[in-house]
Amino acid sequence: RGLKMYFPIHTGLLRRHTGDVKAVDDVSFDILEGETLGLVGESGCGKSTCGRAVLRLYDITAGSIRLEGREIGQLSQEALRPLRPRMQMVFQDPQASLNPRMTVASIIGEPLVEHTSMSRAERLERIWELMDAVGLNRDFANRYPHEFSGGQRQRIGIARALALNPKFIVCDEPIAALDVSIQAQVVNLLEDLQEQLGLTYLFISHDLSMVRHIADRVAVMYLGRIVELAPRDDLYAEPLHPYAKALLSAVPEPDPKIARAARRIILKGDVPSPANPPKGCNFSTRCPRVMEICRRIDPALTEVAPGRQVACHLYTDASESAEETAPERG
Ligand code: SF4
Ligand code: MG
């Protein structure tokens, strides 16, 4: 609730604090047990930062984070330690996230060393179990990451994330670095594991087709804010927020029966700097539907239909009265 993650900007020789990059700026959402919440948006919109903040890999600027009912937003890293096994992360680039000097067995077993008192033999047994679960041959346990393909390396990363029996996993662009031919395999693996182990995912991706495949609900981020959050099918059938409309207009529609009337919407202008977001609605500098009220008042994320939340004045009463009084801008 009200999650903020600001990174201070220091400038000049004296490194004076001159502002903040508002990477995540007052974001609220729930992730329900057993579901996959997709988090989409263009690169730089704050989705990775949001995922890391939720896991408390950062000391957050403000807000409340609850894991299984327990408030973790302000806990110290030390106090978080016993909770770490419950929440894990799968990273984008398996190459970069695996220590090249460690064998597969020691990579997967590392969290077991850190967080459990398992004996060597117990650990090896668990490592094999995990390798089986992600479809890696046990014979590879003593090999090094560079001996594997990208897809296999991501399986190693997933096995490591599963080592401590987590409930919640943030998958940050888990397939973005993989060959297209491998992507579906890894996504299918994540889905199978979710079902078998009762996992809950926050699935961060800019690949809207993949998110459509895997997510139950989807949150759309723009410039540090969630602008729309909806059940997957509702969002893909008819996005409501003007930014979500534009973003999704680029996704090919696989079902010819749902010929989407809208053609591709090309947005003008650049994404403003998160160090200096626009007044009012963050999207107001690029929105094709911008109204006078949008430049003054920041629209709150509001439920507009059961389970559908949108942050846009087009869907609030405020816009109606404002539109009557404010002439449209030419
Ligand atoms: Fe566009 Fe206004 Fe809605 Fe923002 S609030 S998305 S500027 S119509
Ligand atoms: Mg990112």
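Going letter by letter, the sequence shown gives residues 41 to 370 in my numbering. Where a beta carbon is used, it is the ideal one built from N, C-alpha and C, also for glycine. Predicted model only: the values in this text are computed from it and were never measured.
| Check | Outcome |
| --- | --- |
| Under 8 Å Cβ to Cβ from A259, same chain only, skipping five residues before and after it: list those, please. | F69, L77, G78, L79, V80, I266, E268, L269 |
| Tell me whether the beta-carbon of V311 lies closer than 9 Å to the beta-carbon of G59. | no |
| For K62 and R160, I'd like the C-alpha separation in whole angstroms. | 45 Å |
| Measuring alpha carbon to alpha carbon, tell me which residue in P328, L43, L354, E111 is nearest D338. | L354 |
| Let me check understanding here. Comparing Cα to Cα, which of N139, A93, D133, Q132 lies closest to Q117? | A93 |
| Tell me the DSSP secondary structure of Y276 in three-state form. | helix |
| With hydrogens ignored, establish whether the beta-carbon of M331 is closer than 8 Å to any heavy atom of the ligand SF4. | yes |
| Within the same chain, show all residues whose beta-carbon is closer than 6 Å to that of I181, passing over the 5 residues directly before and after it, in chain order. | Per the sequence presented here, residue 181 reads as Ala, with Ile not at that position. Taken in chain order, the residues that qualify are V144, A145. |
| Assess, as a yes-or-no matter, whether the region 151-158 is touched by the region 190-208 under the definition of 3 or more beta carbon pairs within less than 8 Å. | yes |
| Helix, strand or coil: which one does DSSP assign to C211? | strand |
| So, helix, strand or coil for A284, using DSSP? | helix |
| Cβ of A136 within 8 Å of any heavy atom in the ligand SF4? | no |
| Confirm the yes/no value for this check: CB of P282, any heavy atom of the ligand SF4, distance under 8 Å. | yes |
| What three-state label does DSSP hand D179 in the structure shown? | helix |
| Span of the alpha helix (DSSP H) holding H246? | H246 -> no alpha helix (DSSP H), and no H or E assigned at all. |
| How far does the beta strand (DSSP E) with G84 in it extend, from its first residue to its last? | First-last for G84: undefined, no H or E at that position. |
| May I ask you to check if the CB of L354 is nearer than 8 Å to at least one heavy atom of the ligand SF4? | yes |
| According to DSSP, what are the bridge partners of V64? | M45 |
| Could you round the C-beta distance between A199 and A173 to whole angstroms and report it? I think they count as a contact, below 8 Å. | 7 Å |
| Which one of E293, L53, A315, D357 has the shortest CA to CA distance from V344? | D357 |
| Does the beta carbon of V267 fall short of 8 Å from some heavy atom of the ligand SF4? | yes |
| What's the call for E213, buried or exposed, on a 16-neighbour Cβ count within 10 Å? | buried |
| Between P312 and the ligand SF4, is there a pair consisting of the residue's CB and a ligand heavy atom that are separated by less than 8 Å? | no |
| Check whether the Cβ of S324 sits closer than 8 Å to any heavy atom of the ligand SF4, and report yes or no. | yes |
| Counting along the chain, where does the beta strand (DSSP E) carrying R160 start and finish? | No beta strand (DSSP E) holds R160; the alpha helix (DSSP H) holding it covers 160-173. |
| Excluding the 5 residues flanking V291 on each side, which residues of the same chain have their C-beta closer than 7 Å to its C-beta? | L248, S249 |
| Determine the DSSP secondary structure at Y184, reduced to helix, strand or coil. | coil |
| If we ignore side chains and look at the alpha-carbon of each, how far apart do G190 and Q135 end up? | 7 Å |
| For the ligand SF4, any of its heavy atoms closer than 8 Å to the Cβ of C85? | no |
| Starting from the C-beta of S313, find all residues in its chain whose C-beta is less than 7 Å away, skip the five residues before and the five after it, and write them out in chain order. | none |
| Let me confirm a value: H281 is counted as buried when at least 16 other C-beta atoms fall within 10 Å, else exposed. Which label applies? | buried |
| Exposed or buried, which one is I71 when buried takes at least 16 other CB atoms within 10 Å? | buried |
| If contacts are defined as beta-carbon pairs under 8 Å, then Y276 and F323 qualify, I think. What distance do you get, rounded to the angstrom? | Not really, about 20 Å apart at Cβ, beyond 8 Å. |
| By the 10 Å Cβ neighbour count, where 16 or more other Cβ atoms means buried, how is D99 classified, buried or exposed? | exposed |
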